[in-house]
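Asks:
2 protein chains.
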Amino acid sequence: MPTQTVLADLTTLPVPADVLALDARDPLAHKRDEFLLPDGVIYLDGNSLGALSRRVVQRVRHVTEEEWGRALIGSWTLGAQEGRDWMALPDRVAAKIARLIGAQPDEVAVGDSTSVNTFKVLAAALGVAAPERRVLLTDADNFPTDLYVAQGLTALLGGGYELRRVPADEVAAHLRPDVAAVLLTQVDYRTGRCLDLAAISAQARAAGVLTIWDLAHSAGAFPVDLNGAGADFAVGCGYKYLNGGPGAPAFLFAARRWHAAAPVALSGWMGHADPFEMARDYVPAPGARRFVTGTPMVLSLSALDAALDAFADVDLHALRVKSLALTDMFMALLDPVAERLALTLVTPREPAQRGSQVSYRHPQAREVMADLIAAGLVGDFRTPDILRFGFTPLYHSFADVYRAARGVQAMLEARA
Amino acid sequence: MPTQTVLADLTTLPVPADVLALDARDPLAHKRDEFLLPDGVIYLDGNSLGALSRRVVQRVRHVTEEEWGRALIGSWTLGAQEGRDWMALPDRVAAKIARLIGAQPDEVAVGDSTSVNTFKVLAAALGVAAPERRVLLTDADNFPTDLYVAQGLTALLGGGYELRRVPADEVAAHLRPDVAAVLLTQVDYRTGRCLDLAAISAQARAAGVLTIWDLAHSAGAFPVDLNGAGADFAVGCGYKYLNGGPGAPAFLFAARRWHAAAPVALSGWMGHADPFEMARDYVPAPGARRFVTGTPMVLSLSALDAALDAFADVDLHALRVKSLALTDMFMALLDPVAERLALTLVTPREPAQRGSQVSYRHPQAREVMADLIAAGLVGDFRTPDILRFGFTPLYHSFADVYRAARGVQAMLEARA
Numbered sequence: 049m050p051t052q053t054v055l056a057d058l059t060t061l062p063v064p065a066d067v068l069a070l071d072a073r074d075p076l077a078h079k080r081d082e083f084l085l086p087d088g089v090i091y092l093d094g095n096s097l098g099a100l101s102r103r104v105v106q107r108v109r110h111v112t113e114e115e116w117g118r119a120l121i122g123s124w125t126l127g128a129q130e131g132r133d134w135m136a137l138p139d140r141v142a143a144k145i146a147r148l149i150g151a152q153p154d155e156v157a158v159g160d161s162t163s164v165n166t167f168k169v170l171a172a173a174l175g176v177a178a179p180e181r182r183v184l185l186t187d188a189d190n191f192p193t194d195l196y197v198a199q200g201l202t203a204l205l206g207g208g209y210e211l212r213r214v215p216a217d218e219v220a221a222h223l224r225p226d227v228a229a230v231l232l233t234q235v236d237y238r239t240g241r242c243l244d245l246a247a248i249s250a251q252a253r254a255a256g257v258l259t260i261w262d263l264a265h266s267a268g269a270f271p272v273d274l275n276g277a278g279a280d281f282a283v284g285c286g287y288k289y290l291n292g293g294p295g296a297p298a299f300l301f302a303a304r305r306w307h308a309a310a311p312v313a314l315s316g317w318m319g320h321a322d323p324f325e326m327a328r329d330y331v332p333a334p335g336a337r338r339f340v341t342g343t344p345m346v347l348s349l350s351a352l353d354a355a356l357d358a359f360a361d362v363d364l365h366a367l368r369v370k371s372l373a374l375t376d377m378f379m380a381l382l383d384p385v386a387e388r389l390a391l392t393l394v395t396p397r398e399p400a401q402r403g404s405q406v407s408y409r410h411p412q413a414r415e416v417m418a419d420l421i422a423a424g425l426v427g428d429f430r431t432p433d434i435l436r437f438g439f440t441p442l443y444h445s446f447a448d449v450y451r452a453a454r455g456v457q458a459m460l461e462a463r464a
Numbered sequence: 049m050p051t052q053t054v055l056a057d058l059t060t061l062p063v064p065a066d067v068l069a070l071d072a073r074d075p076l077a078h079k080r081d082e083f084l085l086p087d088g089v090i091y092l093d094g095n096s097l098g099a100l101s102r103r104v105v106q107r108v109r110h111v112t113e114e115e116w117g118r119a120l121i122g123s124w125t126l127g128a129q130e131g132r133d134w135m136a137l138p139d140r141v142a143a144k145i146a147r148l149i150g151a152q153p154d155e156v157a158v159g160d161s162t163s164v165n166t167f168k169v170l171a172a173a174l175g176v177a178a179p180e181r182r183v184l185l186t187d188a189d190n191f192p193t194d195l196y197v198a199q200g201l202t203a204l205l206g207g208g209y210e211l212r213r214v215p216a217d218e219v220a221a222h223l224r225p226d227v228a229a230v231l232l233t234q235v236d237y238r239t240g241r242c243l244d245l246a247a248i249s250a251q252a253r254a255a256g257v258l259t260i261w262d263l264a265h266s267a268g269a270f271p272v273d274l275n276g277a278g279a280d281f282a283v284g285c286g287y288k289y290l291n292g293g294p295g296a297p298a299f300l301f302a303a304r305r306w307h308a309a310a311p312v313a314l315s316g317w318m319g320h321a322d323p324f325e326m327a328r329d330y331v332p333a334p335g336a337r338r339f340v341t342g343t344p345m346v347l348s349l350s351a352l353d354a355a356l357d358a359f360a361d362v363d364l365h366a367l368r369v370k371s372l373a374l375t376d377m378f379m380a381l382l383d384p385v386a387e388r389l390a391l392t393l394v395t396p397r398e399p400a401q402r403g404s405q406v407s408y409r410h411p412q413a414r415e416v417m418a419d420l421i422a423a424g425l426v427g428d429f430r431t432p433d434i435l436r437f438g439f440t441p442l443y444h445s446f447a448d449v450y451r452a453a454r455g456v457q458a459m460l461e462a463r464a
């Protein structure tokens, strides 16, 4: 059977009453209408690129055609009283993100890519660590750009700085007296395994090691409590669960206790205490604003700003409850057929250890995912053999999950 | 006379026949219709934020509502054959910019802010300089973010690296054996003074010093020939004369001869030879693409991409001829009244030493510019006492220049 016809009417596949009942009592069900999802597609890749919301469409048109096109340079300061000026845009977005990650607004800086922010917090952390601690510890299977940025920074610094990559389950055993900081991604991008941020932060603190958390697959997916955990630094991504658009500006977190001492390696004029004073010497702005470097990319940042408003009326614990229910259902539907279809679950079943995705190994994962995508069931392939399905509680229904699981099953049965 | 009425009908002020004749034979006159300029305003601040073009409006709508909203994650690779995929977007924009600055496409990397790009090229230059050369030389009055970024990098590196700031006219005398590189902005943002890029690059090369040019007020304003001058590195801004929108992605130039040896300090996955291989070790992409760091901000980068198409049919030498004619006319109209109105010209009269702006000192510059802007004549104030007027040959007419000069005169006479 040609793969393109296996899932021909997947988005209209009848859904059992008990699944429809879950949607009927979903307290987040109304959020779906805020998003513009393409017809005929079940999109389970919001952990790679979040969907477009209606308010972003309006905002991008407004910022382009009115704020830039008509008000031009004036928009940098216009509306400062009401908080609409471009100069303060990074701070406004920071405040919205702070709520999602358990931070104070002045502990968050928004702008640049996750990679560049990782460089900033790594340099800040190494700068406040005791001089005899020159090892940057990380999970050897961390997301590649975290590894690459750490390689670039330690090479640049020289002077005995070293990136030490160890297996994920050996990180705790490596919190030794020569370690300055540990860089970990809370949710593994392949498996969806979620680390205990509070416990590991406490372990590290007890060992005198600073924590740097990559929240790429955490922020906006479930509540994060950086300050509750006593975390030191963090970074995160604007274009996954925050739905800020392709390559949206990223963010960093720096705990208040480090603001005075941490060096600002990328010290640009937008992190200066008074950018238009045009002073000859860099004087950092108060708080994490100092980590904003150059002129913010206003179009992309405005899209993220508008996208974040989707969270304004959302209880993050309700978001987590729904996320776990979605991923639980997906696994439960595939459990009975998984072995027969050569699917090996790699996502932890324990809720506390799971992000907002479900991943399986499959020997033909690359080809299977290509066929699924061609048929309108969009997940992600990750090397070497992973089928990844991301669930976004803001815009996914339980009916979506049911249809997706049945679609995966049908596709694999057709290939068998 | 209230200042708001002095210039009430400036944009309809009658223009002499000889000025209209210049517009009638301007080979670039047709370009103005490509831009959306607000009514009732003469906008002489394109050197701070370039104007919006019609093609950018269309492109931003398309990338947001179609490429992101409908094609979603697929847009990263869709249309790769025809060069429309997001993955190659930085390279496509780089090729368009390369033509404007005398570079090969593979010598330009696009993305991040000018500040972040400055960090990248400074780190690259210091990394290829002889180890005994640890001084980074710059003009003490360089644009602040250049100074701040250089401060941040030299502090980060430690090890005897030093930022040496000298008066602009003493730079040549300081090209000494301990100097690794010289960082200069070709066109001074206050005065519009344009340095002889070729001559200074040759002097530096003869002294064994690498050149790093900030082209913020050069690229798109007049032809630049980096390779003709044998320049080593450069950075530039996307939101001034390139009209890429507020905070548009910036660019860097790295001469081919340095690609193999120059370290990539900000080594992110989008500069990896194969980003989706998810390899554990950073392997740089060929050419300057290695200097692309994180995921590109696609909305902002698409706006810049579309904006650059305004240059496709433009002879850059014709652009320069018109630019000089516009600034010549502005000065000539104000010359007879300048002394009486306390205007002191600070822009060089010599064409080769002038960018695409005209600046005057005035004892009440801040208040005068506020009044001009309120009346619809938008220039810029720069500390401590500079009135700055930027001229963009793509969308300014000689009639604009005439009216602007008369407007400045009328405003100052009304205040006298």
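These protein sequence lines are chains A and B, in that order. Its first residue numbered 49, the first sequence is counted upward by one per residue in my numbering. Its first residue numbered 49, the second sequence is counted upward by one per residue in my numbering. Glycine included, C-beta positions come from ideal geometry on N, C-alpha and C. All values derive from a computational prediction rather than experimental measurement.
Per DSSP, glycine 11(B) is paired with what?
Replies: Lying outside 49 to 464, the shown extent of chain B, residue 11(B) is not represented and no answer is given.
Asks: Can you check whether the C-beta of arginine 439(A) is within less than 8 Å of a C-beta belonging to chain B?
Replies: According to the sequence provided, residue 439(A) is phenylalanine. The question's arginine does not apply to it. Using a CB distance cut-off of 8 Å, phenylalanine 439(A) does not count as an interface residue toward chain B.
Asks: Quick one: give me the first and last residue of the alpha helix (DSSP H) that phenylalanine 301(A) is part of.
Replies: Note, phenylalanine 301(A): premise wrong, no alpha helix (DSSP H); beta strand (DSSP E) at 299-302.
Asks: One question on the structure: do valine 416(A) and leucine 435(A) come within less than 8 Å of each other, judged by their Cβ atoms?
Replies: yes
Asks: Is serine 161(A) close to chain B, meaning its C-beta is less than 8 Å from at least one C-beta of that chain?
Replies: Interface residue, yes.
Asks: Excluding the five sequence neighbours on either side, which residues of its own chain have a C-beta within less than 8 Å of the C-beta of arginine 103(A), listed in chain order?
Replies: Glu82, Ala354, Ala355, Asp357 and Ala358
Asks: Hey, how far is the Cα of serine 445(A) from the Cα of serine 404(A)?
Replies: 14 Å
Asks: Mind listing the chain B neighbours of serine 96(A)? Cutoff is C-beta to C-beta under 7 Å, in chain order.
Replies: Ile121
Asks: Ordered along the chain, which non-local residues of its own chain (more than five positions away) have a Cβ less than 6 Å from that of valine 35(A)?
Replies: This structure does not reach residue 35(A), given that chain A is present from 49 up to 464, and the question cannot be answered.
Asks: Would you mind giving the Cβ-Cβ distance between leucine 300(A) and asparagine 165(A), rounded to the nearest angstrom? I have them listed as a contact below 8 Å.
Replies: 4 Å
Asks: With a 10 Å radius around its C-beta and 16 neighbouring C-beta atoms as the bar for buried, classify arginine 402(B) as buried or exposed.
Replies: It is buried - the Cβ of arginine 402(B) has at least 16 other Cβ atoms within 10 Å.
Asks: Once the 5 residues before and after glycine 438(B) are set aside, which same chain residues still bring their CB inside 6 Å of it?
Replies: Closer than 6 Å at the Cβ level, and outside the excluded window around glycine 438(B), lie Leu92, Asp93, Gly94, Asn95 and Gln405.
Asks: Which residues in chain B sit within 8 Å of valine 312(A), going by Cβ to Cβ distance?
Replies: Gly200
Asks: Could you tell me whether the Cβ of arginine 305(A) comes closer than 8 Å to any Cβ of chain B?
Replies: no
Asks: Under 9 Å Cβ-Cβ, which residues of chain B neighbour alanine 296(A)?
Replies: Thr343, Met345, Val346 and Leu347
Asks: Report buried or exposed for aspartate 57(B), applying the criterion of at least 16 other Cβ atoms within 10 angstroms of its Cβ.
Replies: exposed
Asks: Tell whether a beta-carbon distance below 8 Å holds between alanine 228(A) and alanine 177(A).
Replies: Cβ distance < 8 Å, so alanine 228(A) and alanine 177(A) count as in contact.
Asks: Is it buried or exposed, glutamate 461(A), if we count other Cβ atoms within 10 angstroms and call 16 or more buried?
Replies: Flag for glutamate 461(A) reads exposed.
Asks: Express the C-alpha separation of tyrosine 237(A) and alanine 360(B) in angstroms, rounding to a whole number.
Replies: Using only the alpha carbons, I get a separation of about 41 Å.
Asks: Is it buried or exposed for valine 54(B), if we count other Cβ within 10 angstroms and need 16 for buried?
Replies: Buried, by the Cβ-count rule.
Asks: For the candidate residues Leu97(B), Arg409(B), Arg118(B) and Thr233(B), whose alpha-carbon lies nearest to that of glycine 284(B)?
Replies: Thr233(B)
Asks: Taking C-beta to C-beta, are proline 399(B) and leucine 372(B) nearer than 8 Å?
Replies: yes
Asks: CA-CA distance, serine 266(A) and glycine 208(B)?
Replies: 41 Å
Asks: What residue from Met459(B), Arg430(B) and Phe429(B) has the CA that sits closest to leucine 389(B)'s CA?
Replies: Met459(B)
Asks: Label valine 67(A) either buried or exposed according to how many other C-beta atoms from any shown protein chain fall within 10 Å of its C-beta, with 16 as the threshold for buried.
Replies: buried
Asks: Note down, in chain order, each residue of its chain lying with its Cβ closer than 7 Å to the Cβ of glutamine 251(A), except the 5 sequence neighbours on either side.
Replies: Ala220 and Leu223
Asks: Using the Cα positions of glutamate 155(A) and alanine 142(A), report the straight-line distance between them to the nearest angstrom.
Replies: 8 Å
Asks: With a threshold of 8 Å between beta-carbons, can aspartate 448(B) be considered close to chain A, or not?
Replies: no
Asks: Looking at C-alpha atoms only, which residue of Pro294(A), Lys79(A), Asp363(A) and Leu137(A) is the closest neighbour of alanine 466(A)?
Replies: Within the shown structure, residues of chain A are numbered from 49 to 464, placing residue 466(A) beyond reach of any answer.
Asks: Roughly how many angstroms lie between the CA atoms of valine 89(A) and valine 426(A), to the nearest whole one?
Replies: C-alpha separation (whole angstroms): 7 Å.
Asks: Quick one, which of Pro323(A), Ser407(A), Lys370(A) and Ala452(A) has its alpha-carbon nearest alanine 423(A)'s?
Replies: Ala452(A)
Asks: Can you have a look at valine 331(A) and say buried or exposed, based on whether 16 or more other CB atoms are within 10 angstroms of its CB?
Replies: exposed
Asks: Return the first residue and the last residue of the alpha helix (DSSP H) that isoleucine 248(B) is part of.
Replies: 245-254
Asks: Secondary structure at arginine 238(B), three-state DSSP: helix, strand or coil?
Replies: coil
Asks: Is there a Cβ of chain A sitting closer than 8 Å to that of glycine 316(B), yes or no?
Replies: True, the Cβ-Cβ gap to chain A drops below 8 Å.
Asks: Please identify the residue among Arg80(A), Gly150(A), Tyr196(A) and Leu97(A) whose C-alpha is closest to the C-alpha of arginine 304(A).
Replies: For arginine 304(A), the nearest C-alpha among the options comes from Gly150(A).
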